[in-house]
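Take a look at the structure set out below.
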Amino acid sequence: MATSNTQTRFDNNFTRKFGFPKERPAGKVVESLRQSHMDFISQSPFCVMATADLAGSCDASPKGGLPGFVKILDERHLLFPDVAGNRLFQSYQNVEANPHIGLVFFIPGINETVRVNGT
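Using UniProt numbering, the letters of the sequence shown correspond one by one to residues 1 to 119.
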C-alpha cells in the first residue's frame, strides 16, 4: 500500500490512535516561511510568543506594534524589536536560556493565523 506524504511525515502514536491529519492543514507544516507567510507577518500588528525556561516552565506573551513590527530577514529568520514593554523580559530571558520558541501571528478581522516554531 502506498503512503501519502502526510502519512509519512505524521506517523506517530497519535496518528495511529486518532488518524492522520487532513492534507490541507498538514500541508501548512513546512520547514521555512513561504511568501504567503511573510506577507501575513508583515501585515500583522500582533503575535503571541511562547517560550520556556530551562526547567520547562512556559510563558506566552503578547507582542505588538504597527503592522510590520516584526522584521523578516529571510525565510528562516525573524527580528523582533527591542521593546521594554512591561519590563519583565520573561520571553527574552527564556530565549537566552532555551532557544525554542513558538509564535502565532494575528491580523484583526482575518480568520487565519500564521504559526512559526523554531529556534
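The beta-carbon is built from N, C-alpha and C at its ideal position, and this holds for glycine as well.
Q) Enumerated in chain order, which unbroken segments of the alpha helix (DSSP H) with a length of 4 residues or greater are wholly contained in the stretch 21-108? A) Within the stretch 21-108, the complete alpha helix (DSSP H) segments of 4 residues or longer fall at 23-26, 35-43, 90-97, listed in chain order.
Q: Have a look at VAL116, PRO67, ASP59 and flag the residue whose alpha-carbon is nearest the alpha-carbon of PHE89.
A: Measuring from the Cα of PHE89, the nearest candidate turns out to be ASP59.
Q: Sort GLY64, VAL83, PHE20, HIS77 by Cα distance to PRO45 and report the nearest one.
A: Looking at the Cα atoms, GLY64 is the closest of the given residues.
Q. Which residue from GLY19, THR119, PRO67, LEU78 puts its Cα closest to that of ASN94?
A. Considering only GLY19, THR119, PRO67, LEU78, the residue with the shortest C-alpha distance to ASN94 is THR119.
Q) Looking only at its own chain, which residues have a Cβ that is under 6 Å from the Cβ of ILE107, when we skip the five neighbours before and after it? A) Cβ within range, chain order: GLN43, SER44.
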